[in-house]
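**Q**
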Amino acid sequence: MRAPVDASRSDASRIASTPSHECSMPTVHIEDVHRHEGETVTLRGWLYNRRSSGKLHFLQVRDGSGVIQAVMFKGDVDEAMFDAARRLPQESSIIVTGTVKRDERSPLGYELGIQTLEVLQEAEEYPISPKEHGVAFLMENRHLWMRSRRQHAILRIRAEIIAATRDFLDGEGYLLVDAPIFTPAACEGTTTLFETQYFSRMAYLTQSGQLYNEAAAMAFGRVYCFGPTFRAEKSKTRRHLTEFWMVEPEAAFLELDGIMDLAERMVRSIVERVLERRQSELRLLERDIAPLERCTEPFPRVDYADAVAQLQSLGSDIQYGDDFGADDETILTQQYDTPILVHRYPRDIKAFYMKGDPERPDRALCVDMLAPEGYGEIIGGGQREDDYQTLHDAIAAHDLPLEAFSWYLDLRRYGSVPHGGFGMGIERAVAWICGLHHVRETIPFPRMLDRIIP
RNA sequence: UCGGGAGUAGCUCAGCUGGUUAGAGCGGGUGACUGUUAAUCACUAGGUCGGGGGUUCGAGUCCCUCCUCCCGAGCCA
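The opening position of the first sequence corresponds to residue 153 in the working numbering, with each subsequent residue numbered one higher.
#1: Across which residues does DSSP place ASN201 in a beta bridge pair?
#2: So what's PRO443 in DSSP terms, helix, strand or just coil?
#3: What is the DSSP secondary structure of SER387, counted as helix, strand or coil?
#4: Using only the alpha-carbon positions, how far apart do LEU328 and GLU400 sit?
#5: When you compare only the Cα positions, how much space is there between ASP520 and VAL454?
#6: By a C-beta neighbour count over all protein chains shown, 10 Å radius and 16 as the cutoff for buried, is ALA315 buried or exposed?
#7: Please go through the same chain and pick out, in chain order, the residues whose beta-carbon is closer than 8 Å to the beta-carbon of ALA355, but skip the five residues on each side of it.
#8: Touch check for the region 539-557 and the region 509-519: three-plus C-beta pairs under 8 Å?
#9: Which residues mark the beginning and the end of the beta strand (DSSP E) in which HIS495 is found?
#10: Beta-carbon within less than 7 Å of GLY577's beta-carbon, same chain only, minus the 5 sequence neighbours each way: which residues are those?
#11: Per DSSP, which residues does GLU324 bridge with? Please list them.
#12: If we require 3 or more residues per run, which beta strand (DSSP E) segments fall completely within the region 205-275?
#13: Do the region 238-257 and the region 273-282 make contact, defined as three or more Cβ pairs closer than 8 Å?
#14: Ignore the nearest five residues each way along the sequence and tell me which others in LYS226's own chain have a CB closer than 7 Å to its CB.
#15: Does DSSP classify GLY567 as helix, strand or coil?
#16: So, under 8 Å CB-CB, GLY473 and GLY533 are touching, yes? Tell me the CB distance rounded to an integer number of Å.
#17: Please list the terminal residues of the continuous alpha helix (DSSP H) segment that includes THR542.
#18: What's the C-alpha gap between GLU438 and SER432?
#19: Less than 8 Å between the beta carbons of LEU296 and VAL591, yes or no?
#20: Quick one: give me the first and last residue of the beta strand (DSSP E) that ASP475 is part of.
#21: May I ask you to verify whether the region 373-383 touches the region 412-420, counting CB pairs closer than 8 Å and requiring at least 3?
#22: Quick check: what's the CA-CA separation for ASP602 versus MET224?
#23: Quick check: the Cα distance between GLY528 and THR482, rounded to an integer number of angstroms?
#24: Measuring alpha carbon to alpha carbon, tell me which residue in ALA459, ARG565, ARG257 and THR251 is nearest GLY265.
#25: Under 8 Å between the Cβ atoms of MET535 and LEU363?
#26: Along the chain, where does the beta strand (DSSP E) that runs through TYR376 open and close?
#27: May I ask you to list the residues that DSSP assigns as paired with MET412?
#28: Taking only three categories from DSSP, how would you classify GLN349?
#29: Who are the Cβ neighbours of ARG429 in its own chain at under 8 Å, not counting the five residues just before and after it?
#30: Could you round the C-beta distance between GLU449 and THR490 to whole angstroms and report it? I think they count as a contact, below 8 Å.
#31: Do you know how far the Cα of ASP480 is from the Cα of ARG496?
#32: Please confirm whether ASN365 and GLU324 have their CB atoms less than 8 Å apart.
#33: Return the chain-ordered list of same chain residues with a C-beta closer than 6 Å to the C-beta of ASP539, the five sequence neighbours on each side being excluded.
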């Protein structure tokens, strides 16, 4: 669909020299131009930036797959086209046809010698200029900020991490069985839930697919769910979103050591795949990849009590029984080169469904994976309580409504087995792997305490 | 929710102990330039100093209040 032409507006509408967007020349994506050296091709995209030098214009053209410099010589095109190109605003939508030329001066290695330029829409003055901007302004313009190189790199790595995660779990024999988003009650009593009207009653947005995953694991053995989760906590930190994506594998007959093995192998395979396929994106983000490359080494497994003792010797005032503060996590992970697995936290600070450690009854068979470089917890999981009466009592002790959990208790009545799993927060994993300061850039449209627009 | 910080041109910021007509760079517009890489150079337009109230001869500047955003804590993935 072409925008209506305003005859009074400009030269731009007059320079259209091709009758349609389906052009006679082969239309290619910028990421593929290296396969068309010497050929005349058509690119469709947007004007990323422009520089001029008298009788030639350098148009940076982007099409989502990459950016290429298209060069227009005054002698090669008619005067109206040359003049229109000179005044074409940033982010105008365009179709350019020209010859692909190898050029050592180009970062891409190739340039396009322009023969024709068609303007689909002359953009209004674009708010994001190729200069510095503040985070608040960029977040307000997130729908446009997505067009920038840096955001492309991050969101491509996000997609790679998601693909790598799914490929890993599929390869391990785990079946995708997604959990619902509307839920009747809390999965974990502690966290604040978003309420929503569900016809004549209230419902809540899920904060974890785990309970449903346990049902699926009893049906299929090894399963995972992958979807958005919601936390209505008033957390304002660089690690928190109110809507975030989580992948949660869960398996029957999987006990704590197996859970830790699975988490470690999964994270390693994700990191290796990003290092293998997203080198250029990591480079653009100026990510130091040395810490990522060390993830091929085994991840240390640290007992909670040993971690507390270690923290105390490093000057923390943490006491046995406390959860780690943000500083504690940072100090602890700085002692290691790889992610670490901290296991067997006190039961009192963990959710009701965690299974107790038979050897140390005050502790749970649970594990958190803490990323290095101060990125904190990226995985939390553990073995689930599989005894009917113990679970029943735990639900009651946490003041949770038993009737809402009757189906969950059924899983302990009909062939209960030891089982467990974990959840990995996608955005935290992306922030760590990309080396970002804040998770808000790791998701296309972040939802935070004070931001729901755009 | 608590503790700190910030709101001045489209953007990034300067503006001193209150003083006359509020500045710069970038971006926009106009012009110059045949290899620019956040191009450069010249000229030019652009402001309810976050909103409201107060103190004062006089407020961008001081006080009160509200709003928005940033950083950190708690909680968590």
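The beta carbon of each residue, even a glycine, is placed where N, CA and C say it ideally should be. Treat the numbers as computed from the prediction; the structure is a model and nothing was measured.
**A** Short version:
#1: Taking the first residue of the first sequence as position 1, residue 201 is located at position 49. Bridge partners of ASN201: GLN212.
#2: Taking the first sequence and counting its residues from 1, one reaches residue 443 at position 291. Of the three classes helix, strand and coil, the one that applies to PRO443 here is helix, per DSSP.
#3: What you label residue 387 is simply residue 235 of the first sequence in a count that begins at 1. In the structure shown, SER387 sits in coil (DSSP, three-state: anything other than H, G, I, E or B).
#4: One-based indexing of the first sequence puts residue 328 at position 176. One-based indexing of the first sequence puts residue 400 at position 248. Answer to the nearest angstrom: the Cα atoms are 10 Å apart.
#5: If you number the first sequence from 1, residue 520 lands on position 368. If you number the first sequence from 1, residue 454 lands on position 302. Straight-line Cα distance between these residues: approximately 10 Å.
#6: The residue given as residue 315 occupies position 163 in the first sequence. With fewer than 16 Cβ atoms within 10 Å of its Cβ, ALA315 is classed as exposed.
#7: As a working mapping, residue 355 is identified with position 203 in the first sequence. For ALA355, where only same-chain residues beyond five positions count, the Cβ hits under 8 Å are PHE334, THR335, PRO336, GLU347, THR348 and GLN349.
#8: no
#9: The count along the first sequence starts at 1 and reaches residue 495 at position 343. First-last of the beta strand (DSSP E) with HIS495: 492-495.
#10: The residue labelled residue 577 in the question sits at position 425 within the first sequence. For GLY577, where only same-chain residues beyond five positions count, the Cβ hits under 7 Å are PHE396, MET398 and ILE530.
#11: The sequence position of residue 324 within the first sequence is 172, counting from 1. BP columns for GLU324 are empty, so no partner.
#12: 208-214, 219-225, 245-254 and 262-273
#13: yes
#14: On the first sequence, residue 226 is found 74 positions in, with the first residue counted as 1. So the qualifying residues of the chain are LYS207, LEU208 and PHE234.
#15: Counting from one through the first sequence, the residue named residue 567 turns up at place 415. Here GLY567 sits in coil by DSSP.
#16: As a first step, residue 473 is located in the first sequence; it is residue number 321 there, counting from the start. As a first step, residue 533 is located in the first sequence; it is residue number 381 there, counting from the start. Actually they do not touch by this definition, with Cβ atoms about 21 Å apart.
#17: Within the first sequence, numbered from 1, the residue matching residue 542 stands at position 390. THR542 -> alpha helix (DSSP H) spans 540-549.
#18: Counting from 1 along the first sequence, the entry for residue 438 is found at position 286. Counting from 1 along the first sequence, the entry for residue 432 is found at position 280. Cα-Cα distance, rounded: 10 Å.
#19: In the first sequence, residue 296 corresponds to position 144, counting from 1. In the first sequence, residue 591 corresponds to position 439, counting from 1. No. Outside cutoff.
#20: Translated into the one-based positions of the first sequence, residue 475 becomes position 323. That residue, ASP475, is in no beta strand (DSSP E); it is neither H nor E in DSSP.
#21: no
#22: On the first sequence, residue 602 is found 450 positions in, with the first residue counted as 1. On the first sequence, residue 224 is found 72 positions in, with the first residue counted as 1. For ASP602 and MET224, the distance between alpha carbons rounds to 46 Å.
#23: One-based indexing of the first sequence puts residue 528 at position 376. One-based indexing of the first sequence puts residue 482 at position 330. Each residue's Cα considered, the two are about 7 Å apart.
#24: Indexing the first sequence from 1 puts residue 265 at position 113. GLY265 has its Cα closest to that of THR251, out of ALA459, ARG565, ARG257 and THR251.
#25: To locate residue 535, count along the first sequence from 1; it is residue 383. To locate residue 363, count along the first sequence from 1; it is residue 211. Note on residue identity: the sequence assigns Gln, not Met, to residue 535. Against a cut-off of 8 Å, the Cβ pair of LEU363 and GLN535 comes out as no contact.
#26: The sequence position of residue 376 within the first sequence is 224, counting from 1. 374-382 is the span of the beta strand (DSSP E), which, as asked, contains TYR376.
#27: If you number the first sequence from 1, residue 412 lands on position 260. Paired residue(s): none; MET412 is not in a bridge.
#28: Walking along the first sequence from the start, residue 349 turns up at place 197. Strand.
#29: The residue given as residue 429 occupies position 277 in the first sequence. So the list reads GLU312, once near-sequence residues are dropped.
#30: Here residue 449 refers to the residue found at position 297 of the first sequence. Here residue 490 refers to the residue found at position 338 of the first sequence. Between THR490 and GLU449 the Cβ distance is about 5 Å, and since that is below 8 Å, they are a contact.
#31: In the first sequence, counting from the first residue as 1, residue 496 sits at position 344. In the first sequence, counting from the first residue as 1, residue 480 sits at position 328. Roughly 17 Å separates the two Cα atoms.
#32: For the purposes of this step, residue 365 is identified with residue 213 of the first sequence, where counting begins at 1. For the purposes of this step, residue 324 is identified with residue 172 of the first sequence, where counting begins at 1. Not a contact, by the Cβ cut-off of 8 Å.
#33: In the first sequence, residue 539 corresponds to position 387, counting from 1. Result list for ASP539: empty, nothing under 6 Å.
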